[in-house]
Each structure stands twice: as structure tokens, then as C-alpha cells.
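S.K.:
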Amino acid sequence: MAPVLKITALLFLPLWVYAVDFEDIKKLPVQQYELTDIITKLYQKNELPLLDRWKDLAPASFKQVDFVKAYVLAGDRAIQRKQFDEAIVYYIRAYQHIGRHPQKIYAAYQAAFYLYAQQKRAEALFYINRAVEELIYLKNKSVLKDDIFILKRRIVWRYFSRMDALPDNAVSAIAFDGDDVWIGLWSGGVARFTRSSSELEIFNPRNSALPSFYIRDILVQKDRVWAATQSGLAYYDKKSSQWIKIPQFADTRFKRFIFENGSFYAATLYRGVFRSADGIAWTNIISSKSISDLLKIDDKLFVASPDQGIFVYQNNKLTPFLSNVTAHTFLPGESNNEFWIGTYGQGLLRLDKDSGKIIRQYGYKELNSDYIESLAFVDGNLWIGTLGAGATVFDGKNWHRLSLKDGLPDLNVTTITRERSHLWFGTLAGGIGIYLFQEEAPIQGAFYD
């Protein structure tokens with residue numbers, strides 16, 4: 001009798017015990033407990049895409065099963081076996097399944113978590129954003145809510161500060177030169193970070209000809225790196241690896257340094273604006289004014305003065321453009337007939353470059369601050385760095401704020417600079433926050449509290 005019982009029992013064993021075969025699947029409905037094992041067997045044979053074909057060819061056989069649940073269970077089992085690549089495949093397939101499902105938020109989170117563990121930050125960011133979208137659909141009601149936002153901060157942010165040997169957490173300027181990142185510090189000199197070797201080199205008046213510890217702007221131009229300081233101007237010659245002072249500017253307090261249309265322009269406090277073709281011989285084109293920023297559009301040089309408003313320099317003449325504005329920083333507009341001005345105390349202004357008319361004004365309501373430190377356009381989105389309220393991005397319709405809870409290292413954002421898929425935020429007290437972003441509109445509606 002024993003052999004008969006054994007043969008009878010075999011008739012009821014699940015399909016996966018045998019070789020996974022479509023002809024068997026067509027004959028009997030697949031059970032939920034069987035589906036996870038079928039998924040695993042097909043993955044191990046590198047034939048997982050077959051399952052999608054079978055589902056299309058024999059839908060009745062899969063009518064009673066939940067694919068998302070089966071893939072999630074397969075992923076969890078793979079994690080227990082420490083097969084992390086396999087688990088990622090299952091979690092991604094669970095998320096990609098068509099239609100809403102309560103476990104898709106978990107699948108997207110798990111995919112992001114293990115992709116991030118493998119240092120695949122861009123892929124991890126994609127799936128953690130999908131988890132955020134699922135969270136929005138669930139109206140922020142999920143036990144994973146805190147974990148999702150904590151993981152997203154870890155994925156999108158990296159930091160560079162005094163904890164990484166930077167001499168000062170107050171950053172004034174950031175410039176990129178291939179493998180090198182040049183960092184101007186408010187009171188710590190100039191730092192050069194070489195990414196391939198992770199080497200950090202610090203320049204200051206004690207070890208170089210740099211005229212000051214107090215750096216206000218950095219500009220990379222060909223084989224020279226310029227440092228505009230509170231006590232003069234100097235450049236780093238990459239051929240000789242030496243800093244060289246410009247004697248004309250001993251004790252001159254610089255604010256901004258730009259290169260446009262073949263000429264250098266230097267904005268200073270109390271000495272106006274200087275221009276040079278080669279960086280060595282300089283002409284004072286605007287005198288006796290304190291200048292905070294410069295903007296060159298065509299043949300016009302726009303000049304921002306914190307106490308006298310905006311002027312335009314054209315054909316060797318300086319003309320008032322907009323008075324009663326505490327102008328601090330400029331940004332060219334996306335169209336050539338406008339530009340933006342960040343102020344100290346009057347928010348953000350959008351100006352017509354010909355008439356000086358204020359097209360729009362934005363303030364505390366949109367930015368949580370009326371004090372604007374930095375501006376940048378990134379893929380059509382306007383990024384605004386403020387004093388006291390972090391950074392805000394404006395896509396033309398919606399405002400989205402980045403604060404400490406979102407991963408920003410400090411609420412005083414002095415500079416915003418893009419390099420490829422990263423935004424570098426220099427701050428007054430938190431060093432640098434490096435933000436990985438995807439080229440898509442910020443996700444609206446998700447919040448963390």
C-alpha cells in the first residue's frame with residue numbers, strides 16, 4: 001500500500017516541483033503559494049519574462065493570484081538568502097505591475113533601499129520618488145512614511161564640511177574645473193578638492209600669495225583660477241601651481257568677479273567696477289560706488305548697488321535704471337528681454353531689461369524670506385537661495401521649498417551651482433550640500449512632519 005499512497009500524493013504536488021511548464025499551467029489554475037515559487041524558478045533559469053507571456057496567453061490560469069504580492073514575497077525571500085540583485089528585480093517587477101496596489105509603496109521603497117546599498121544613487125532616486133508618489137496617493141498614510149523620507153534624504157544628499165577637513169563651514173563660492181572643485185570660504189581661504197583622489201588642498205595667506213582669508217568669489221578661466229577677496233585680487237596659475245597677486249588692488253574689497261564677451265569685470269565695495277582684457281591691466285569704469293553684483297546682456301552692463309539701486313553702463317556712461325531697490329544678486333532671464341534680481345529685504349524681482357519695469361515681485365509668501373542670496377536656473381526651474389529660509393524652486397507655477405528636514409545643511413544658502421545631475425548648495429554655517437536631482441518637476445503634495 002505504501003507505494004500507492006506515494007504515487008497518489010505526487011498527483012497533488014505543486015507545479016513548481018516539476019519543471020515549470022506552460023502546458024501544465026494552462027490546465028490548472030495557479031495558486032497564490034505556487035506563483036512565488038514559479039517566479040523564483042523562472043528567474044533562476046533566466047526566463048522570468050516568460051511569465052508575462054503566459055499570463056497573456058492563459059489569463060484564466062492566473063485569475064486567482066495577486067502578482068504584486070507574489071513578487072514582493074519573492075523579494076523578501078531573496079533578501080533572506082542574501083540574494084540582493086535578485087530581490088531588486090522582484091521588487092521592481094512588483095512596482096511595475098499595472099494598477100494600484102497597497103504593497104507597491106513597499107516594493108518601490110525596497111527597490112530604492114537595496115539599489116542605494118549598492119551605491120546606485122540615480123536608480124535608487126527613481127524608485128524612492130515612486131514610493132513618494134504612492135505615499136501621495138495614500139494621502140501620506142503609511143507606516144513607511146518616515147522611512148521613505150529618511151531614505152530619500154540619504155539618497156539625494158551628500159555633504160562636505162568641517163567634518164571633512166574643510167577649514168570653514170561658511171561658503172561664498174563654488175567653481176568646477178574638470179576633476180577639481182574650487183571652493184571660496186568666507187574666512188578660511190580657498191579649498192581645492194580633487195575628486196578622483198579625494199585630496200583636499202587649502203590655500204591661505206600663510207602658505208601662499210593669496211591676499212586674504214576672506215574669499216568673496218571664484219572664477220575658473222582657462223589656465224587660471226581667480227580669487228576675489230576682501231583684501232585684493234589674485235589668480236592661481238595652474239602651470240606653475242602658484243598664486244599671483246594683482247598689485248593694483250591691494251586692500252580693495254571685492255564682491256563679484258565675472259568674465260563676459262572677452263573681458264573681466266570686477267565689482268568692489270567703495271571703488272566701483274573695474275574692467276580688463278587680460279586680467280593684468282585694469283581700468284576703473286565706474287568709481288566710488290559699492291557694487292554687489294554685475295550682469296552683462298549684449299552691450300549693457302547692469303550694476304547692482306545695495307544702497308543705490310540698479311544702474312546700467314553702456315557706451316561709457318552710467319545711467320540709473322531702477323532706484324529704491326536693495327539690489328544684491330542678478331540672474332539672466334530665460335528670454336533675452338528680462339532678468340531677475342534678488343534683494344535684501346524686498347524679495348525677488350523680475351525686470352524688463354529695457355524699461356526697468358517690474359514684471360513680478362515675489363516675497364515672504366512664496367519664499368519664506370525677503371532676503372535673497374543666490375539664484376540659478378536649472379532645466380527651466382528657478383532656484384532661489386535665501387537667508388534664513390533655505391532654498392526654493394519655482395517651476396513657473398508651483399513653489400517647492402527645501403529646508404533642513406529635506407536635507408539642506410543650513411537655511412542660509414549663499415550659492416547654488418549645477419554640475420551635471422547635481423546641485424551644489426554653499427551655505428553660511430553648514431558647509432556644502434550636494435543634491436542629486438532627476439530631470440523632472442519636483443513632486444508636489446508630499447510632506448514630512
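Take the sequence shown: its letters are residues 1 to 449, numbered as in UniProt numbering. Idealized CB from N, CA, C, for every residue including glycine.
1) Assign V72 to one of three DSSP states: helix, strand, or coil.
2) Once the 5 residues before and after L387 are set aside, which same chain residues still bring their CB inside 7 Å of it?
3) Out of curiosity, what's the CA-to-CA distance linking Y159 and L42?
4) What does a CB cutoff of less than 7 Å around F22 pick up in its chain, not counting 5 residues either side in sequence?
5) Between P29 and K63, which are expected to be in contact by the criterion C-beta below 8 Å, what is the C-beta distance as a whole number of angstroms?
6) From G279, A78, Q110 and L295, pick the residue whose C-alpha is nearest to that of P247; which is it?
7) If we ignore side chains and look at the alpha-carbon of each, how far apart do A122 and I88 end up?
8) From what residue to what residue does the beta strand (DSSP E) around N129 run?
9) Which of the three DSSP states is assigned to G445 in this structure?
10) Rounded to whole angstroms, what's the CA-CA distance from S197 to P49? Just pull it up for me.
11) Would the beta-carbon of S290 fall within 9 Å of that of T268?
12) Just the C-alpha distance for P306 and E338, rounded to the nearest angstrom, thanks.
13) So who's on the other strand from L294, going by DSSP bridges?
14) Given that a residue counts as buried once 16 or more other Cβ atoms are within 10 Å of its Cβ, and exposed if not, what is E260?
15) For a test of the three-state rule: what should DSSP assign to I25, helix, strand or coil?
16) State the DSSP-derived secondary structure class of F84, mapped to helix, strand or coil.
17) Keeping to the same chain, check which residues put their C-beta closer than 8 Å to that of F84; ignore five residues upstream and five downstream.
18) List the residues that DSSP assigns as beta-bridge partners of A250.
19) At what residues does the alpha helix (DSSP H) containing D146 begin and finish?
20) Using a 10 Å radius around the Cβ and a threshold of 16 neighbouring Cβ atoms, would you call D217 buried or exposed?
21) Evaluate A124 with the Cβ neighbour count: other Cβ atoms within 10 Å of its Cβ, from every protein chain shown; 16 or more gives buried, anything less gives exposed.
22) Helix, strand or coil, according to DSSP, for Q346 in the structure here?
23) Once DSSP output is grouped into helix, strand and coil, what is the label at E366?
24) For S292 and Y109, what's the separation of their Cα atoms in angstroms?
M.R.: Reading off the structure:
1) helix
2) Same-chain partners within the cutoff: S369, Y371, E373 and N412.
3) 42 Å
4) W54
5) 7 Å
6) G279
7) Distance from the CA atom of A122 to the CA atom of I88, rounded to whole angstroms, is 15 Å.
8) It is not in any beta strand (DSSP E) - N129 instead sits in the alpha helix (DSSP H) that spans R121 to Y137.
9) Note that G445 scores 42 on pLDDT, short of 50, meaning its location in the model is unreliable; the coordinates nonetheless yield the value given after this. Note: G445 maps to coil in three-state DSSP.
10) 42 Å
11) Yes, the pair counts as a contact, with Cβ atoms nearer than the cut-off.
12) 20 Å
13) V303
14) exposed
15) helix
16) helix
17) A78, Y114, A117 and Q118
18) A250 is not bridged to any residue.
19) First-last of the alpha helix (DSSP H) with D146: K145 to V156.
20) buried
21) buried
22) coil
23) Note: E366 maps to helix in three-state DSSP.
24) 45 Å
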